[in-house]
């Protein structure tokens, strides 16, 4: 048996990386998927669905290093339901019933622009004279 879900959306939070007691890295982040449409009456509608994404091991480290809030991503993974096979349901502090869709990521593709130069980390390379170049 096999199941797969693919979502494309924007990160709603910066990723949070932690480690299991055995030292395995795990990174969590939230992705908002927006859908816009026009009703037959011409009214613009929008619906946002939130997904909680968990990445493990090397993928967790890569997501933590390169993803930031607002970045557009494609996530492919597996839905993680509650014990009854449904999304996790709870009542918020405001009394509204909410659902959480959770995905364990198998693949994360960074779609949006790369971090700006101020955010990126560059390694300083030593100066090399022309005489040291072998060709």
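Residue numbers (my numbering): 428 to 562.
Note that the Cβ used here is the ideal one computed from N, Cα and C, for glycine as well.
Worksheet entry | Same chain, Cβ closer than 6 Å to residue 536, five either side skipped, listed in chain order | The residue given as residue 536 occupies position 109 in the chain shown. If we look at residue 536 and ignore the five residues flanking it on each side, its Cβ neighbours are 501.
Practice prompt. Assign residue 519 to one of two classes, buried (16 or more other C-beta atoms within 10 Å of its C-beta) or exposed (fewer than that).
Written response: For the purposes of this step, residue 519 is identified with residue 92 of the chain shown, where counting begins at 1. Counting Cβ neighbours within 10 Å, residue 519 comes out exposed, since fewer than 16 surround it.
Discussion item. Whole angstroms are fine: how far does the CA of residue 522 sit from the CA of residue 447?
Written reply: Within the chain shown, numbered from 1, the residue matching residue 447 stands at position 20. Within the chain shown, numbered from 1, the residue matching residue 522 stands at position 95. Taking the straight line joining both Cα atoms gives about 33 Å.
Worksheet item: Alpha carbon to alpha carbon, what distance is there between residue 528 and residue 515?
Response: In the chain shown, the residue the question calls residue 515 occupies position 88. In the chain shown, the residue the question calls residue 528 occupies position 101. Looking at the two C-alpha atoms, the distance is approximately 7 Å.
Discussion item. Relative to the C-alpha of residue 488, which candidate in 442, 469, 465 and 437 has its C-alpha closest?
Written reply: On the chain shown, residue 488 is found 61 positions in, with the first residue counted as 1. Nearest option by C-alpha distance: 442.
Practice prompt. Kindly indicate the opening and closing residues of the beta strand (DSSP E) around residue 533.
Written response: Residue 533 sits at position 106 when you count from the first residue of the chain shown. First-last of the beta strand (DSSP E) with residue 533: 524-537.
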